[in-house]
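A short write-up of the structure that comes next.
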Amino acid sequence: MSQADLTALAAELEKYLGDPFDDGSRMSFRRVMDHDEHEEYPYGFVSQLRRWSVHEYSLPAEQGGRAGNVETGFNLMRLVARRDASTATSLVITNLSFMPLWIAGTEEQKRTAIERMKRGGGLSWGLSEREHGSDLIANEMFAEKVDGGWELTGEKWLIGNATVADTMIVYARTGKRNGPAAYSIFIVDKWELAPDTAEELPVEKLHGLRALDLSGLRLQRAFVPDSALVGNEGQGLEIALKATQVARSVIGSLPLSAVDTGLRLTLDFTEGRVIFGGTVSDVPYSRRQLTEAFADLMIADAMSLGAVRCLQAAPEQLSVWSSAVKYLVPTLLERTMSQLNTVLGARFFLRDHPHYGPYQKMLRDLLVANIADGNTVVNLRNLGQQLDGLLTTAREASPEIRNAAAVRAETLFGMDRELPVYEPWKQELFSRGMDDAVLAAPDGLRRLRALAEKAEGTERDRLERAADVAEELLDRAGPLADSATALKADLGRAYGQSAELFELSKEYCLLHATAACVLTFVHSHGALESPLPSGALLLLQLERLRRHLYPHESITDQSVVDEVMEVLRRLHREDRLFSHWQFQLAKRAGDLSAARL
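Throughout the sequence shown, residue numbering follows our numbering, covering 1061 to 1657 in sequence.
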């Protein structure tokens, strides 16, 4: 799908859903908050979106879906989640539950599942268990081979859509001895099970996403036919890990949307609220808080742009990109919302207020992104296992390898570049030391300096300074490699599980994020619409990343903040998404006076 087609499709969905502040719209904040308050699953919202076919843009066209590019479904889901993360999560879970079939299923399995989904049938992904969490090779649900099929016994818990979905894709042990080849995946159609062999577990009460069905399924010798096996017997762990890579890449749509709405609601207040003779937005401290939140959001957006496009443009590297974005984006945006809390003051605590209730809900809902489909520990551990190879390649890569990475980066970070066909079976569990973002960063810096030479006035200064800061951050790859080598020599076999290795992995994520910001700027430069691209915004993004290392050092002054504020104000005033994808949102028709009380 072209950039123009995606932009038009997003506008169509926004028009269909309407202004969330309009009580008569299909997904008004008032109705969303009512579902949340009563912890009531949003059947109506899900049905409306299925009728619009939003979920089909995440299903393969070859078997009846509409998916061309993964980022189409990712971006459409952002527009849903900016209204209600519970509804978006329910739809995302259904689409992600299809991933094992997309990766290893037969033509018939894919087509049958998509036909059911198009008729309103939901899917759930039965992966985790109460006693084992993320430890997939300790799972206890067992599938015993019998004539004509398998009998499954055990329990899956904390599973999204486990009760409301008709079908669960189940990860179960088929080998008698535990190990990587001891697990397989099955399609479990609950309507075909004997009634005394299956029982849904109670829906859990949640801190955020209160309207979501997060429950479980208990099976006791539940029979499924041989045709229910996905892939080969013993291939389950590999399929599950590849499916999880996809989940980690796309789940960032939830915190991105939460902060977009949170920032928009905060601006509604600060742009009209008069204090000390001026608006809150004109108070220098508040203005910096707002622009820093915007910069954080654009960092996360750039990282997500690359990670989602990586699914198609460099699937063999997804183990690195998915873990980097899954760790840093939720962690970063939780901090961002905390800054917005400071600007709103007591108002963010008001649950029933027509304007701040949705803000308070977003504050709770975004937390799920940090724990779902691999928490911080899991993702940093995955990066730590690959860190030696990544740092060695970053330091010693030949000109040929760097040039090839630079070419791929044009597609990975160029919004107007055509993506290759999505082939999820090409994903690998380890990247073999390759990370095109970091490897292409030197080329990105050269392009950034070339853009600076062509710019004039303050824009030239902003881009030159941005290039200097980016180079400073990226030059830490060498010292980071030295630290890893010294730590490995000092700790020996304990190195792989050490807390220090986790800290090194965090710093590597900052390198990846720096590269993503620079490469998005240079490769999407010509595809962006005014007021983007902005050298001042890029400089502030890089300062925000640098603050992770030097928390009390500033490199931007008030003039940079003022420039970024003008970009933010214009996007807000024109009802456009706070993203490199500046989708036109549903026009705000309501009175904002309530936001200024």
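The C-beta atom is built at its ideal place from N, Cα and C for all residues, glycine as well.
Quick one: what's got a C-beta closer than 6 Å to leucine 1400's C-beta in the same chain, skipping five residues either side?
Gly1322, Thr1326 and Ala1353
Taking only three categories from DSSP, how would you classify valine 1263?
coil
Classify threonine 1223 as helix, strand or coil using the three-state DSSP reduction.
coil
Answer yes or no: do lysine 1373 and threonine 1304 have a C-beta to C-beta separation smaller than 8 Å?
In the sequence as presented, lysine is not what sits at residue 1373; that position holds alanine. It is not a contact, given that the beta carbons lie outside the stated cut-off.
Regarding leucine 1378 and the ligand GDP, is the C-beta to nearest heavy atom distance less than 7 Å?
Of the ligands one can find in the structure shown there are none, so the ligand GDP has no counterpart to examine.
Throw me the rounded Cβ distance for the leucine 1404 and alanine 1360 pair, which I believe falls under 8 Å.
Wrong, their Cβ atoms sit about 20 Å apart, outside the cutoff.
If the criterion is Cβ atoms closer than 8 Å, does the pair isoleucine 1174 and glutamine 1123 meet it?
yes
Relative to the alpha-carbon of valine 1437, which residue among Leu1426, Glu1483, Gln1557 and Leu1371 has its alpha-carbon at the smallest distance?
Gln1557
Tell me which residue opens and which closes the alpha helix (DSSP H) that serine 1383 is part of.
1378-1404
Determine the burial state of serine 1458: buried for a count of at least 16 other Cβ atoms within 10 Å of its Cβ, exposed for fewer.
exposed
Are there 16 or more other CB atoms within 10 angstroms of the CB of tyrosine 1387, so buried, or fewer, so exposed?
buried
Pair within 8 Å by beta-carbon distance, valine 1368 and serine 1317:
no
Of all the options Asp1521, Leu1451, Thr1402 and Met1475, which has the alpha carbon lying nearest to the alpha carbon of serine 1491?
Leu1451
Selection from Phe1283, Asp1448 and Tyr1345 that minimises the alpha carbon distance to threonine 1402:
Tyr1345
Please check the pair phenylalanine 1089 and proline 1315, which I expect to be a contact at CB under 8 Å, by giving their CB distance rounded to whole angstroms.
Actually they are not in contact, since the Cβ atoms of phenylalanine 1089 and proline 1315 sit about 18 Å apart, beyond 8 Å.
Please work out which residues of its chain come closer than 6 Å, Cβ to Cβ, to leucine 1077, disregarding the five sequence neighbours upstream and downstream, and give them in chain order.
Arg1086 and Met1087
Backbone secondary structure at leucine 1410 - three-state DSSP
coil
How many angstroms separate the CA atom of aspartate 1356 from the CA atom of tyrosine 1243?
40 Å
Check whether the Cβ atoms of leucine 1410 and serine 1565 sit closer than 8 Å, and answer yes or no.
no
Counting only runs that start and end within the stretch 1133-1197, where is the alpha helix (DSSP H) found for 4 or more residues in a row?
1145-1157, 1159-1164 and 1167-1178
Buried or exposed by the 16-neighbour rule on C-beta atoms within 10 Å, applied to lysine 1265
exposed
Measuring CB to CB, does threonine 1339 end up less than 8 Å from methionine 1625?
no
Which first and last residues belong to the alpha helix (DSSP H) in which leucine 1551 is found?
1537-1551
Would you call threonine 1166 buried or exposed, if buried means 16 or more other Cβ atoms sit within 10 Å of its Cβ?
exposed
Please classify asparagine 1292 as buried or exposed, where buried requires at least 16 neighbouring CB atoms within 10 angstroms.
exposed
From what residue to what residue does the alpha helix (DSSP H) around glutamine 1446 run?
1436-1456
Distance check for histidine 1413 and valine 1334, CA to CA, integer angstroms please.
20 Å
In the DSSP assignment, what residue or residues form a beta bridge with serine 1244?
Ala1232
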